[in-house]
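Peer 1: The numbering used here applies: residue 14 is where the sequence shown begins, and numbers increase by one.
From the three backbone atoms N, C-alpha and C, an ideal C-beta is built for every residue, glycine too.
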Amino acid sequence: MWTYFRNPLIELGIPTETARKPLRPHVHTNVQVMVVTKGSRRVNLARQAVNVLTNSILIIPPGVVHLADQDDWEGFNAYIDPSVRYNWIASILRYPSLPDWVCDMSKNGPSFDLPALLSLISEGRLVWADPKLSKYRYDHHEMPDWPQSREGHIRRYKREAGISPHAHFKATQLDQARSKIANGETLASVAAELGFTDQSHLGRQFRASFGISPGRYAKG
């Protein structure tokens, strides 16, 4: 299970002792900063695998499908709105409402030059070899004008995005649900608006992707 803390500038995701169950591939509209302070994590991104070692940071740009292992590691994830000025990041990590141990880590732990790192990916997004693939992500019932079968198209999409178009659509839908819940919308209204069968359906899908129930996430 994961625990989440939010303030107006940043969200932190902190794994608990039981956060070892594999999650589904998912996506964020925010910049994700993955911080590993002990052990290592293997992360599968859209078209590559990356090992994040002790005292290292991985920056995942918005819109990139990813899946990280949940084995023996310590650290946390930070989720930052892409519109935030990147030279504010160091002060964000010392924001008074963050848990004390996170503030201590940012002051006394490894020296991460977050502003410099984030400036490198401020414009970073998944680049599609064919722009039609990006459109298909949002309307996976409309086939692009290609002389190939539906099965061939799906294979082509998966090679670029690392995930099938339908799964990508569902991952985007869950990220929208996460944002709405964080902004205070009720679970019932989110489930209805985004097309989930009911709150239970939303809950199962949400927990499989983010490691926490939407009800607990809403309290973060």
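Can you look up E173 in the DSSP assignment and give me helix, strand or coil?
Peer 2: helix
Peer 1: With burial defined as no fewer than 16 other Cβ atoms inside 10 Å of the residue's Cβ, what is the status of Y230: buried or exposed?
Peer 2: Flag for Y230 reads buried.
Peer 1: Does the distance from the C-beta atom of I225 to that of M14 stay below 8 Å?
Peer 2: Yes, Cβ-Cβ distance for I225 and M14 is below 8 Å.
Peer 1: Buried or exposed, going by whether 16 or more other CB atoms sit within 10 Å of the CB of N64?
Peer 2: That one is exposed.
Peer 1: Candidates D84, L25, S177 and Q61: which alpha carbon is nearest G52's?
Peer 2: Here the closest residue by C-alpha is D84.
Peer 1: Report back the beta-carbon spacing between V49 and G88 to the nearest angstrom; my notes put them in contact at under 8 Å.
Peer 2: With a beta-carbon spacing of about 4 Å, V49 and G88 fall inside the 8 Å limit used to define contacts.
Peer 1: If you check the beta carbons only, do F5 and G233 fall under 8 Å apart?
Peer 2: Beyond the ends of the chain as shown, which are 14 and 233, falls residue 5; an answer cannot be given.
Peer 1: Quick check: what's the CA-CA separation for N90 versus S222?
Peer 2: 14 Å
Peer 1: Identify whether E164 lies in helix, strand or coil by the three-state DSSP scheme.
Peer 2: helix
Peer 1: Taking just the CA atoms, how far does K183 sit from E164?
Peer 2: 19 Å
Peer 1: Can you tell me which of the three DSSP states I134 falls into?
Peer 2: At I134, the pLDDT of 41 sits below 50, so the modelled position is not reliable; the number obtained from the coordinates is stated separately. The answer is coil: DSSP assigns I134 none of H, G, I, E or B.
Peer 1: Using the C-alpha atoms, what's the distance from P178 back to R172?
Peer 2: 11 Å
Peer 1: How many angstroms separate the CA atom of T67 from the CA atom of S162?
Peer 2: 45 Å
Peer 1: Take A190 and list the residues in its own chain whose beta-carbon comes closer than 6 Å to its own, dropping the five residues that flank it on each side.
Peer 2: V203 and L207
Peer 1: Name, in chain order, the residues that DSSP records as bridge partners for A81.
Peer 2: V56
Peer 1: How many angstroms separate the CA atom of T42 from the CA atom of H214?
Peer 2: 22 Å
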